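To keep things clear, I will list the structure first and then write my remarks on it.
Protein chains: 2
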Amino acid sequence: MTSAVPEPEGTRPPAPLRRRPGGRTARIRTQVLDAVLAELGERGYDGLTMEAVAARAGVHRATVYRRWGDVGGLLADVLDAAGDDAWQPPDTGSLQGDLAALNHEIQDALTAQPPIVAALIAASFRSEKADHAQRRLWEDRYARCEIIVGRAVRRGELPPHTDARRLLIAATAPLYHQLVLLRTPPDPDLPDQAARTAALAASAGAFAQPTPVGDT
Amino acid sequence: MTSAVPEPEGTRPPAPLRRRPGGRTARIRTQVLDAVLAELGERGYDGLTMEAVAARAGVHRATVYRRWGDVGGLLADVLDAAGDDAWQPPDTGSLQGDLAALNHEIQDALTAQPPIVAALIAASFRSEKADHAQRRLWEDRYARCEIIVGRAVRRGELPPHTDARRLLIAATAPLYHQLVLLRTPPDPDLPDQAARTAALAASAGAFAQPTPVGDT
């Protein structure tokens, strides 16, 4: 859900068949974004500089400035790259199981060391570019998660007109609230409990939407 | 819940009977903290300086440095002062009503103009002192809100061993998640819907704790 590190795509055609994906440009991007993640993990936002990123990536400073502009541009590209993956939400066979597995992924990401995901969220309060990119990433992740609700509807676990987004927010918000805002120590029971709470409420019709007129 | 502006206490003894509450010192604190709120509302964290606060408060710069140290110290004192009030959670006669009224207070605070509460939360990602003070304030507010759950238990709306804190987090987290992290536009229905979701889950036993051994 909050994966910050781009993962390789699983379905690429063999190298000779595919177009060169940018060649040197793509290689530089990978080096620079890896350096941003490493610097962010070691020093946090306050220690992140264009110079340190360029030096660690082994790329000319002028190239980094020209292509990314400033630290906010670097962070935004890290976040955009994180969304450019093949991540799919867990598929465990039940609504509560899917939500619990999702919440465990979120808790793991938010408590990982070095705290890359937490640092990116914190950076979104400092940089407008990072803010927009973080919101794009969350929007993308929540959109991908809607399939969890679709499957539960098809299994008959939920009424057909269930507001998927609201259900997903209810299930995941306690994790973010405790770990990002209240900054309480991670509670190992919370992922399962928040999932159970949302699933119970959903079964009781908490996220049911009125049937659209003309829908049968 | 998130009131950032200290309110006068309602139950002070008449002036001649009470000790002087600091006199000039208390007056300077009020002037300085008011200036912090005004500067924060106008300029945000990035524009907040000791100099601007001292000038706006009409207080010597040296006094502000000596007493508050730095911008983090000023923000921490604003947050501590915000917690030093007589705020009590809403008492509407039902669990869902109390949670909905609480959520409306939170949504109003998080969307107020100037965005003081939002700026203080953002500042807690920048300053360790503000971070600690923000956490103290939240802890205090959630502790005060536990009476909502106690009243619901006494009314027979909830099982006796209900985890009050977890219920309160579940009810309020969607507001913070949407407005502070996802930064979606305020949804006028969300306060009521999040309250209803938490109340439904609570009635279904989602926050029931095992009965302690020996408890009757």
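Note that the protein sequences, when read in sequence, are chains R and V.
Heads up, the first sequence is in the UniProt record's numbering, so the first residue is 1 and it goes up one at a time.
Heads up, the second sequence is in the UniProt record's numbering, so the first residue is 1 and it goes up one at a time.
Each residue gets a CB set at the ideal place from its N, CA and C atoms; glycine is no exception.
In this text the structure is predicted, and so the values were computed from the model without any measurement.
How far does the alpha helix (DSSP H) with S203 (chain R) in it reach, from first residue to last?
By 1-based counting over the first sequence, the position of residue 203 (chain R) is 203. Unbroken alpha helix (DSSP H) run through S203 (chain R): 190-203.
Taking only beta-carbon positions, decide if L200 (chain R) is within less than 8 Å of chain V.
In the first sequence, residue 200 (chain R) corresponds to position 200, counting from 1. With 8 Å as the cut-off, L200 (chain R) counts as an interface residue toward chain V.
When the Cα atoms are used, what is the spatial distance from P210 (chain V) to L190 (chain R)?
As a working note, residue 210 (chain V) is residue 210 in the second sequence. As a working note, residue 190 (chain R) is residue 190 in the first sequence. Cα-Cα distance, rounded: 16 Å.
Contact under 8 Å by Cβ, P89 (chain R) with I148 (chain R):
If you number the first sequence from 1, residue 89 (chain R) lands on position 89. If you number the first sequence from 1, residue 148 (chain R) lands on position 148. Their beta carbons are under 8 Å apart, which means P89 (chain R) touches I148 (chain R) by this criterion.
Span of the alpha helix (DSSP H), counted from its first residue to its last, around R126 (chain R)
Taking the first sequence and counting its residues from 1, one reaches residue 126 (chain R) at position 126. That residue, R126 (chain R), is in no alpha helix (DSSP H); it is neither H nor E in DSSP.
Take the Cβ of H161 (chain V) as the centre, count every other Cβ of all protein chains shown within 10 Å, and call the residue buried at 16 or more, exposed below.
Here residue 161 (chain V) refers to the residue found at position 161 when the second sequence is read from its first residue. With fewer than 16 other Cβ atoms within 10 Å, it is exposed.
Here's the rule I'm using: 16 or more other beta-carbon atoms within 10 Å means buried, otherwise exposed. How should G72 (chain R) be labelled?
By one-based count along the first sequence, residue 72 (chain R) stands at place 72. With 16 or more Cβ atoms within 10 Å of its Cβ, G72 (chain R) is classed as buried.
Which of helix, strand or coil DSSP assigns to A54 (chain R):
The residue labelled residue 54 (chain R) in the question sits at position 54 within the first sequence. Helix, per DSSP.
With 16 as the cutoff for other CB atoms within 10 Å, does H177 (chain R) come out buried or exposed?
By one-based count along the first sequence, residue 177 (chain R) stands at place 177. H177 (chain R) should be labelled buried.
Which of the three DSSP states is assigned to T184 (chain V) in this structure?
Reading the second sequence from its first residue, position 184 is the one you call residue 184 (chain V). Correct three-state label for T184 (chain V): coil.
Reducing DSSP to helix, strand and coil, say where A206 (chain R) ends up.
The sequence position of residue 206 (chain R) within the first sequence is 206, counting from 1. Looking at A206 (chain R) - three-state DSSP - the assignment turns out to be coil, as it is neither helix nor strand.
So L120 (chain V) and V180 (chain V) are in contact, right, with Cβ under 8 Å, and what is the actual spacing, rounded?
By one-based count along the second sequence, residue 120 (chain V) stands at place 120. By one-based count along the second sequence, residue 180 (chain V) stands at place 180. Their Cβ separation, rounded to whole angstroms, is 11 Å, which puts L120 (chain V) and V180 (chain V) out of contact at 8 Å.
From the beta carbon of T49 (chain V), is the nearest beta carbon of chain R less than 8 Å away?
Position 49 of the second sequence, counted from the first residue, corresponds to residue 49 (chain V). Answer no: the Cβ-Cβ gap between T49 (chain V) and chain R never drops below 8 Å.
Rounded to the nearest angstrom, what separates A143 (chain R) and M50 (chain V) at their Cα positions?
As a first step, residue 143 (chain R) must be located in the first sequence, where it is residue number 143. As a first step, residue 50 (chain V) must be located in the second sequence, where it is residue number 50. Each residue's Cα considered, the two are about 44 Å apart.
Would you call E128 (chain R) buried or exposed, if buried means 16 or more other Cβ atoms sit within 10 Å of its Cβ?
Here the question's residue 128 (chain R) lines up with position 128 in the first sequence. Flag for E128 (chain R) reads exposed.
Going by alpha carbons, who is nearest to Q193 (chain R) out of V:L182, V:H132, V:R165?
Looking up residue 193 (chain R) in the first sequence gives position 193. Measuring from the Cα of Q193 (chain R), the nearest candidate turns out to be V:R165.
In the structure shown, what three-state DSSP assignment does residue 217 (chain R) receive?
Outside the displayed span of chain R (1 to 216) sits residue 217 (chain R), for which this structure offers no information.
Could you tell me the alpha carbon to alpha carbon distance between R141 (chain R) and A55 (chain R), rounded to whole angstroms?
Within the first sequence, residue 141 (chain R) is the residue found at index 141, counting from 1. Within the first sequence, residue 55 (chain R) is the residue found at index 55, counting from 1. Rounded to whole angstroms, R141 (chain R) to A55 (chain R) spans 32 Å at the Cα level.
What do you get for P185 (chain R), buried or exposed, if any count of 16 or more other CB atoms within 10 angstroms of its CB means buried?
What you label residue 185 (chain R) is simply residue 185 of the first sequence in a count that begins at 1. The residue is exposed, with fewer than 16 neighbouring Cβ atoms inside 10 Å.
How should R66 (chain V) be labelled, buried or exposed, when 16 other C-beta atoms within 10 angstroms of its C-beta is the threshold for buried?
Residue mapping note: residue 66 (chain V) aligns to position 66 of the second sequence, counting from 1. By the neighbour-count rule (16 or more Cβ atoms within 10 Å), R66 (chain V) is not buried but exposed.
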